[in-house]
Each structure stands twice: as structure tokens, then as C-alpha cells.
Amino acid sequence: MSDTSTKPLENKPLDIRIFGPRASGKTTYLTTLAECPDGLKQKYPELQVIKRNDETKELEDLSKNTLAVGSKVPGTTYEKKEFHNLNEYDFVIKIPGNKQRPGIELELLTKDFPGEFFHDIPRGDKQQDPDIKKWIDDLFTTDGWMIMMTDWEPENDLLLYQPAFKELHRKLSGKQKINPKLKELRIAVVMTKCERGELWPCRLDPDEDLFAVRLPKTYEFITQKFTNNPIQFFACSAFGILGDDLKNFDPRPNCRFDYDGPPEEIEATLREPEQWSPYGLIPPLYWLATGIRLEE
Ligand SMILES: Nc1nc2c(ncn2[C@@H]2O[C@H](COP(=O)(O)OP(=O)(O)OP(=O)(O)O)[C@@H](O)[C@H]2O)c(=O)[nH]1
Ligand SMILES: [Mg+2]
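For the sequence shown, my numbering assigns the number 34 to the initial residue and increments by one for each residue that follows.
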């Protein structure tokens, strides 16, 4: 018999930061989580996503007005002076257990940074704006990071991603000398938009088949240097494919591209909102909370 009960994880909420380059799908991820479309519930029967504050409830409204009707969420505004006004989301997520995994009830606190923040990280202490430094310092007050990337610009492997991880590693190592508890900070590195045809077959082994191949320098740096912290690689797609259960199998991406220009300006929307079945949204959260990796 499978055990579908959920147990509160700890008294302490899981406080994480979601960051990554522009248009990597951070806000869409959170909006999809808030919406919890039927396709997600089919994968996790009895999954409950409770929105605990107004900002989180607004995410669900955002979904109803955008993703669920086939348009996209707006980019997150980049206003450095607004640090204290970044939205703070508060969810309770009840993930049912089964034979393979214990059910958990997880309170998730999170902030969603605008992508420009990630592009500022490699500039390092000396060149960073004092307002950006506040955002960087905030990263080290948390339990975990979800770093979201897409590989639409492979040259960014050396120009952006690896330098950003170098700077994060430098800061983290320095801070760990003063605060060894920071060695417990978990880092989930997530390849988003993996419904794309060339990525979809690789989603099951994202380390070897996505990161090592698409972002080799970044992958090499992370695996060789981030040895003090638990770090794992994931693949997800907020949109998913048109039919990923055996009865209605249809491997075409549930995605429509509306502009054939630079990657950050490509507007992707759900092709069939009625068939919305996100992939891989829960495993990074479950791992950040428990250290246990779910396969979906
Ligand atoms: N194909 C595909 N496109 C996606 C997916 N998730 C988001 N997008 C699209 O990617 C673009 C950027 O999504 P956002 O969620 O705004 O990205 P972001 O990381 O929050 O961007 P910033 O706030 O500008 O940093 C939009 O056109 C989305 O519709 C996905 O799973 N698949
Ligand atoms: Mg955003």
C-alpha cells in the first residue's frame, strides 16, 4: 500500500531564492506552481498548493490572466532601489507520499529576482552597485538556491554562467569560514524549458545529458569547486509536452514561439492551455527541502 499522508517537515519553513539570467523562466515557474494545473495534479495526486499571502495569491491571478489563456507573464522589473519591495512568496505545499517517498508538508518562502541581477553577479564586489550587494548578501541568509538557466545562448557558458558561479563560489567560501552552517545551503541548478525537442530526451539525466553537454565549462566548474555544498542538477518545463501519459502520448512541446529574434525577446506561450502538464517542478523543491531526489 502506498502512503499518501503528508507530514510537516520541520517547524522551520524552507527559505530559498530563485535566480538566473533574464527570461530563464523564473516567474513562469512560480506562477505555474501557484496555478497548480490539472496536469501537475495528475502527476502528484492529492498535491496541494496553498497560497499564504496576498503576493502569492496574485501569482494565481496572474496565471489566470496570462499562462492559462495562452499569453506570457511579464518580465520582472529591475529596479535596484526596490530591494525591499521584491515580492515575497509564501506557499504551503503538501506533496503526497507513495512507496518511494515520504509525503511532506513544506512551507516555502521565496523571492524571485529579476534576471538582470544574475548578469550583475560576475562583476564582483568591486564593481557591483551597493544596491546589488544587498541582494547578493541576502542570498547567504537562506536555506537554498534554485538557479534557473536555459541554454539558448551557448556562448554564455564561458561569458556569463561560469563567471557567475565563480563569483558565487568565491563569496560562499569566504562566508563559510565565518559561518560554517552555510555548508548546509543546498543548490539546485535547473535547466528550464526542457520540453524543447532537443532537450526533452535528455531530461532524465540532466547532469550528463544537459549540463555537461550544453554548458561544459560551467558544469566542470560547479562539479569541481562546489564540493562543500550539496548541489544537484535538474530539468524542468513549466509548459511540458502535449501529452505525457501513456494513454494520450503526444511528445510535441506544448509551446508556441511568437517571435524569431534574440533569445531573451522570444515570447513563448502555451500552445494548448487545456493540456497544460508541467514537468519537473516539484523535484527540485523536494530535494531542497529533504535532500531526497524524486524522479518524475
Ligand atoms: N518554451 C518555454 N518557454 C517558457 C517556459 N517558461 C517560461 N517560458 C517563457 O520564457 C519567457 C520568460 O519567462 P519569465 O518567467 O518571464 O522569465 P524570468 O526568468 O522570470 O525573466 P526575468 O523576470 O526577465 O528575469 C516567457 O516568454 C515565457 O513564456 C517553459 O517552460 N517553456
Ligand atoms: Mg521574472
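Here a beta-carbon is modelled for each residue, glycine too, at the ideal position from N, C-alpha and C.
Item                                                                                                                     : Value
Contact test: VAL106 Cβ vs ligand 1 heavy atom, cutoff 7 angstroms                                                       : yes
Supposed contact pair GLN161 and ASP153 - C-beta distance, whole angstroms, cut 8 angstroms                              : 6 angstroms
Expected contact under 8 angstroms - CB spacing of GLU88 and GLU68 to nearest Å                                          : Their Cβ separation, rounded to whole angstroms, is 15 angstroms, which puts GLU88 and GLU68 out of contact at 8 angstroms.
PRO147 beta carbon near ligand 2 (any heavy atom closer than 7 angstroms)                                                : yes
Proximity to ALA301 [Cα-Cα], best of GLU79, LEU100, TYR77 and PRO54                                                      : LEU100
Validate contact between the region 280 to 288 and the region 223 to 231 using beta carbons, cut 8 angstroms, 3 pairs    : yes
Ligand 2 heavy atom lying under 7 angstroms from the CB of LYS144                                                        : no
Assigned secondary structure, PRO286 (DSSP; H/G/I helix, E/B strand, else coil)                                          : strand
Residues that DSSP places opposite ARG219 in a beta bridge                                                               : GLY177
Boundaries of the alpha helix (DSSP H) in which ILE169 is found, first to last residue                                   : 163 to 172
PRO46 - DSSP class collapsed to helix/strand/coil                                                                        : coil
Near ligand 2: THR183 beta-carbon under 7 angstroms from a heavy atom                                                    : no
Local conformation of LEU275 per DSSP, three classes                                                                     : strand
Beta carbon proximity, ARG156 to chain C, threshold 8 angstroms                                                          : The structure shown contains no chain C, having only a single protein chain.
LEU80: first and last residue of the uninterrupted beta strand (DSSP E) it sits in                                       : Where LEU80 is concerned, there is no enclosing beta strand (DSSP E), given that its DSSP letter is neither H nor E.
THR64: CB within 7 angstroms of a non-hydrogen atom of ligand 2                                                          : no
Through-space distance from SER57 to GLY108, alpha-carbon basis                                                          : 10 angstroms
Burial state of PHE151 (16 or more Cβ within 10 Å)                                                                       : buried
Beta-carbon proximity list for LEU275, same chain, < 7 angstroms, skipping 5 on both sides                               : ASP283, ARG285, ASN287, GLU305 and GLN308
CYS265 - DSSP class collapsed to helix/strand/coil                                                                       : Note that residue 265 is Gln in the sequence shown, not Cys. The answer is strand: DSSP assigns GLN265 an E or B state.
Whole-angstrom distance between VAL82 and THR323, CA atom to CA atom                                                     : 18 angstroms
Distance CB(LEU63)-CB(TYR111) smaller than 8 angstroms                                                                   : no
Where MET34 falls: helix, strand or coil (DSSP)                                                                          : Note on MET34: pLDDT 46, under 50, position unreliable in the model; the coordinate value appears next. Of the three classes helix, strand and coil, the one that applies to MET34 here is coil, per DSSP.
CB of ASP184 within 8 angstroms of CB of LEU95, strictly                                                                 : no
GLU312 (DSSP reduced to helix, strand or coil)                                                                           : The amino acid at residue 312 is misidentified as Glu; the sequence shows Tyr. Looking at TYR312 - three-state DSSP - the assignment turns out to be strand.
Spatial neighbours of LYS40 in its chain, beta-carbon cut-off 8 angstroms, leaving aside the 5 residues before and after : PRO135, GLY136, ILE137 and GLU138
Status (buried if at least 16 other CB within 10 Å, exposed otherwise) for VAL222                                        : buried
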